[in-house]
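Asks: Just dropping this structure here.
2 protein chains.
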Amino acid sequence: MSITKISSQRSFDGSYNRFKHQSQVLGCEMTFGIYLPPNMESRPSVPVLYWLSGLTCTDENFMQKAGAHRLAAELGMAIVAPDTSPRGEHVPDDVDKSWDFGHGAGFYINATEEPWAKNYQMHDYIVEELPALIEANFLVSDKRGISGHSMGGHGALICALRNPGRYLSVSAFSPITNPVKTSWGHKAFSQMLGDNIQKWREWDTCELISSAQERLPLLIDQGAEDEFLHSQLKPGSLSSIASRSGHVANIRIHHGYDHSYYFVASFIEDHLRHHASALIEG
Amino acid sequence: MSITKISSQRSFDGSYNRFKHQSQVLGCEMTFGIYLPPNMESRPSVPVLYWLSGLTCTDENFMQKAGAHRLAAELGMAIVAPDTSPRGEHVPDDVDKSWDFGHGAGFYINATEEPWAKNYQMHDYIVEELPALIEANFLVSDKRGISGHSMGGHGALICALRNPGRYLSVSAFSPITNPVKTSWGHKAFSQMLGDNIQKWREWDTCELISSAQERLPLLIDQGAEDEFLHSQLKPGSLSSIASRSGHVANIRIHHGYDHSYYFVASFIEDHLRHHASALIEG
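Chains as they are written, first to last, in numbering that gives the first Met the number 0: chain A, 0 to 281; chain B, 0 to 281.
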């Protein structure tokens with residue numbers, strides 16, 4: 000459970016820190032960022048929002064670009080941003096070094112097929128190993144929220160849906176809602192999970208939500224000018240299924256916005272307040 | 000005066016746009032970013048804050064990392080972020096390709112020595128060509144503020160001090176206040192301005208402020224843990240000279256903060272409000 004500090008920077012009177020550690024689950028060294036709000040000692044309980052980033056990102060993109068520290072400091076919330084896949088020279092990567100599979104594209108699932116299964120166990124890392132590490136090493140509570148962008152929005156949704164009780168709040172920006180029906184999902188799932196599509200469905204938000212018992216209030220933001228909206232993200236499918244299944248899903252489509260972090264930054268305040276209402280005020 | 004759009008992205012209901020244009024002053028193609036607040040048409044007058052970035056930066060760093068769009072949208076202020084030097088294969092660069100001279104390090108001065116003089120005329124670009132271009136192409140007023148970080152903080156201060164009446168407000172983060180006495184300044188000024196130190200003094204805030212007639216309210220923020228504080232930045236020198244010369248300089252030293260954009264983001268709201276009080280409410 001040991002972690003090594005890489006850097007620490009003051010931000011909005013709190014601190015943004017990067018750590019590395021040896022992951023047992025992933026079989027490689029991993030890096031994560033953690034924003035700690037000011038006055039940790041004097042707060043009764045600091046909850047943790049886990050942020051999962053999208054394809055090609057590392058632990059750094061969200062912390063640099065989302066403008067989330069300001070409100071996390073004000074609300075008294077920690078934010079943890081892990082990397083998006085296992086990494087290292089010994090960790091298999093896509094043969095073509097493409098940007099949508101392999102390193103930087105773990106899809107937050109547990110691979111069953113080799114050569115991926117040995118390292119690509121991102122679901123278990125995010126849901127089990129990382130929170131245990133965070134809660135053992137920082138003055139935070141076990142109240143957890145989860146959010147993310149694109150592949151990370153998919154990750155947040157499947158982690159919450161597969162693990163009732165583990166998260167008190169969930170939200171997503173521009174999530175891949177139905178990967179079994181899109182090319183990103185096909186490419187990753189066929190290699191990591193094999194040819195049996197029944198197995199893919201266990202990692203698909205639209206499939207999972209129809210049978211989920213837990214009713215977490217769900218906030219999803221999507222840009223109307225997002226270049227991946229119709230081909231990869233499909234929020235309309237999720238909206239229909241969630242509504243039929245009795246889930247309270249607040250899915251907002253925003254005119255003019257694209258897939259970038261400028262979109263995330265524009266609405267991150269609403270997401271942090273959504274999580275705070277479950278994690279702090281709740 | 001023609002400009003070509005590279006990209007446009009919605010951000011906080013306004014838009015962040017990047018343009019390129021052929022600069023007559025610099026003799027090369029230049030790129031700049033401009034944030035335009037929402038509802039431009041219905042506002043009587045949108046002032047422009049010019050942001051000058053530091054060593055190694057391009058037009059993009061501030062726009063991605065400072066979290067400034069939120070408040071610029073709320074206040075109704077445009078922000079223009081130019082590049083930090085002329086660029087292009089035909090533009091001379093440091094022989095050693097170092098990070099503190101040449102491309103990415105124009106120091107916002109007008110070079111007099113060759114091979115630099117032909118392109119490195121960043122002062123005239125920032126003060127004259129760029130505002131003329133902005134005011135001809137966008138629905139903005141001629142009310143201008145100027146700010147920046149590190150080398151760009153130096154740039155903001157010398158542009159304001161050398162051009163009374165051109166800016167209604169000025170501020171800086173971690174500025175190089177006294178380049179004639181530091182190694183960054185020596186390296187750049189000796190090559191771009193030659194050996195006569197008298198000429199260097201015309202581009203040094205501590206030298207300029209002692210004889211400046213205009214009294215602009217000056218906000219300067221500096222991190223106490225900034226690795227360049229004592230070697231390159233020297234806010235104490237500026238504080239003494241400004242005070243002796245009767246300038247109202249609010250120089251704040253912030254415990255724990257470093258030289259990064261996390262520091263800038265933490266206090267950018269104060270700077271935007273400082274500028275708004277002169278540009279909008281004034």
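We treat Cβ as the ideally placed atom computed from N, Cα and C, and that holds for glycine.
First and last residue of the alpha helix (DSSP H) that includes B:Y261?
Replies: Position 262 of the second sequence, counted from the start, is the residue given in the question as residue 261 of chain B. B:Y261 -> alpha helix (DSSP H) spans 260–278.
Asks: Suppose you measure from the CA of A:Y15 to the CA of B:N195; what does that come to, to the nearest Å?
Replies: The residue you call residue 15 of chain A lines up with position 16 of the first sequence. The residue you call residue 195 of chain B lines up with position 196 of the second sequence. Each residue's alpha carbon lies about 44 Å from the other.
Asks: A:V126 and A:S146 - do their beta-carbons sit closer together than 9 Å?
Replies: Taking the first residue of the first sequence as 1, we reach residue 146 of chain A at position 147. Taking the first residue of the first sequence as 1, we reach residue 126 of chain A at position 127. Against a cut-off of 9 Å, the Cβ pair of A:V126 and A:S146 comes out as no contact.
Asks: Can you check whether the C-beta of B:D299 is within less than 9 Å of a C-beta belonging to chain A?
Replies: Nothing can be reported for residue 299 of chain B, as the shown portion of chain B is limited to 0 through 281.
Asks: Just by C-beta distance, which residues in the stretch 3–31 of chain B are closer than 7 Å to chain A?
Replies: Per Cβ criterion, the list reads Q8, R9, S10, F11, Y15.
Asks: Please classify A:G151: does DSSP put it in a helix, a strand, or coil?
Replies: If you number the first sequence from 1, residue 151 of chain A lands on position 152. Looking at A:G151 - three-state DSSP - the assignment turns out to be helix.
Asks: Which bits of chain B does A:R69 rub up against, with CB to CB less than 9 Å?
Replies: The sequence position of residue 69 of chain A within the first sequence is 70, counting from 1. Per Cβ cutoff of 9 Å: G66, R69, A264, S265, E268.
Asks: Can you tell me whether A:D141 is buried or exposed, with buried defined as 16 or more other CB within 10 angstroms of its CB?
Replies: Numbered from its first residue, the first sequence carries residue 141 of chain A at position 142. Under this definition A:D141 is an exposed residue.
Asks: Can you pull the chain A neighbours of B:Q63, defined as C-beta to C-beta under 8 Å?
Replies: For this step, residue 63 of chain B is matched to residue 64 along the second sequence. Q63, K64, Y260, listed in chain order.
Asks: On a Cα-Cα basis, can you pick out the residue from A:S259, A:L48, A:F188, A:V79 that is closest to A:E59?
Replies: Within the first sequence, residue 59 of chain A is the residue found at index 60, counting from 1. Answer by Cα proximity: A:V79.
Asks: Could one say the Cβ of B:E224 lies closer than 9 Å to chain A's Cβ atoms, at least one of them?
Replies: Translated into the one-based positions of the second sequence, residue 224 of chain B becomes position 225. Yes, its Cβ sits closer than 9 Å to a Cβ of chain A.
Asks: Let me confirm a value: A:I208 is counted as buried when at least 16 other C-beta atoms fall within 10 Å, else exposed. Which label applies?
Replies: If you number the first sequence from 1, residue 208 of chain A lands on position 209. So A:I208 ends up on the buried side.
Asks: Between B:H369 and chain A, is any beta-carbon pair separated by less than 9 Å?
Replies: With chain B covering 0 to 281 only, the question about residue 369 of chain B has no answer from this structure.
Asks: Closest to B:G26 by CA distance: which of B:Q8, B:E128, B:F100 is it?
Replies: Taking the second sequence and counting its residues from 1, the one referred to as residue 26 of chain B is at position 27. The option with the nearest alpha carbon to B:G26 is B:E128.
Asks: Does the stretch 266–276 of chain B come within contact of the stretch 167–183 of chain B, defined as at least 3 CB pairs closer than 8 Å?
Replies: The stretch 266–276 of chain B vs the stretch 167–183 of chain B: in contact.
Asks: Kindly indicate the opening and closing residues of the beta strand (DSSP E) around B:H254.
Replies: To locate residue 254 of chain B, count along the second sequence from 1; it is residue 255. B:H254 -> no beta strand (DSSP E), and no H or E assigned at all.
Asks: Flag A:Y256 as yes if its beta-carbon sits less than 9 Å from any beta-carbon of chain B, otherwise no.
Replies: Taking the first residue of the first sequence as position 1, residue 256 of chain A is located at position 257. Output row for A:Y256: interface = yes.
Asks: Beta carbon of A:E268, beta carbon of A:G193: below 9 Å?
Replies: Counting from one through the first sequence, the residue named residue 268 of chain A turns up at place 269. Counting from one through the first sequence, the residue named residue 193 of chain A turns up at place 194. No, the Cβ-Cβ distance between A:E268 and A:G193 is not below 9 Å.
Asks: If you drop the 5 nearest sequence neighbours on each side, which residues of the same chain put their C-beta closer than 6 Å to that of A:Y49?
Replies: By 1-based counting over the first sequence, the position of residue 49 of chain A is 50. Correct list, in chain order: V79, I145.
Asks: What do you reckon, are the CB atoms on B:S149 and B:H253 nearer than 9 Å?
Replies: The residue you call residue 149 of chain B lines up with position 150 of the second sequence. The residue you call residue 253 of chain B lines up with position 254 of the second sequence. Result no, Cβ atoms of B:S149 and B:H253 do not sit closer than 9 Å.
Asks: I need the straight-line Cα distance from A:A135 to A:G184, nearest angstrom please.
Replies: For the purposes of this step, residue 135 of chain A is taken as the residue at position 136 of the first sequence. For the purposes of this step, residue 184 of chain A is taken as the residue at position 185 of the first sequence. Straight-line Cα distance between these residues: approximately 34 Å.
Asks: In terms of residues, what are the limits of the beta strand (DSSP E) holding B:G28?
Replies: As a position in the second sequence, residue 28 of chain B is number 29, starting the count at 1. Going by the sequence as given, residue 28 of chain B is Glu instead of Gly. 27–35 is the span of the beta strand (DSSP E), which, as asked, contains B:E28.
Asks: Between the Cα of A:E206 and those of A:P114, A:S41, A:G255, A:T176, spot the shortest distance and give me the residue it belongs to.
Replies: Your numbering for residue 206 of chain A matches position 207 in the first sequence. Cα-wise, what sits closest to A:E206 is A:T176.
Asks: Considering only the alpha carbon of each residue, which of B:S41, B:R42, B:V139, B:S84 lies closest to B:S52?
Replies: As a working mapping, residue 52 of chain B is identified with position 53 in the second sequence. For the residues B:S41, B:R42, B:V139, B:S84, the minimum Cα distance to B:S52 belongs to B:S84.
Asks: Is the distance from the Cβ of B:L35 to the Cβ of B:G66 below 9 Å?
Replies: As a working note, residue 35 of chain B is residue 36 in the second sequence. As a working note, residue 66 of chain B is residue 67 in the second sequence. In this structure, B:G66 does not lie closer than 9 Å to B:L35 by Cβ.
Asks: Which word fits B:T3, buried or exposed, when buried means at least 16 other C-beta atoms lie within 10 angstroms of its C-beta?
Replies: The residue labelled residue 3 of chain B in the question sits at position 4 within the second sequence. Label assigned to B:T3: exposed.
Asks: Using three-state DSSP, classify B:G193 as helix, strand or coil.
Replies: Position 194 of the second sequence holds residue 193 of chain B. Correct three-state label for B:G193: coil.
Asks: Where in the stretch 43–83 of chain B do unbroken runs of the alpha helix (DSSP H), each at least 4 residues long, occur, reported from the N-terminal end onward?
Replies: Correct list: 60–64, 68–74.
Asks: Could you pull out every residue in the same chain whose Cβ sits closer than 6 Å to the Cβ of A:K198, ignoring the five residues on either side in sequence?
Replies: The residue you call residue 198 of chain A lines up with position 199 of the first sequence. Taken in chain order, the residues that qualify are L192.
Asks: Compute the Euclidean distance between the alpha carbons of A:F227 and A:L218, then round it to the nearest angstrom.
Replies: Here residue 227 of chain A refers to the residue found at position 228 of the first sequence. Here residue 218 of chain A refers to the residue found at position 219 of the first sequence. A:F227 and A:L218: Cα-Cα distance of roughly 19 Å.
Asks: Give, in chain order, every unbroken run of the alpha helix (DSSP H) that is at least 4 residues long and sits entirely within the stretch 158–234 of chain A.
Replies: Runs found: 182–192, 196–199, 204–208.
Asks: On the CB-based measure, 16 or more other CB atoms within 10 Å of its CB, does B:S242 come out buried or exposed?
Replies: For the purposes of this step, residue 242 of chain B is identified with residue 243 of the second sequence, where counting begins at 1. Exposed, by the Cβ-count rule.
Asks: State yes or no: is the C-beta of B:E224 nearer than 8 Å to some heavy atom of the ligand ATP?
Replies: No copy of the ligand ATP occurs in the structure displayed, which carries no ligand at all.
Asks: Looking only at its own chain, which residues have a Cβ that is under 6 Å from the Cβ of B:A187, when we skip the five neighbours before and after it?
Replies: Counting from one through the second sequence, the residue named residue 187 of chain B turns up at place 188. Cβ neighbours of B:A187 beyond the five flanking positions: F100, F106.
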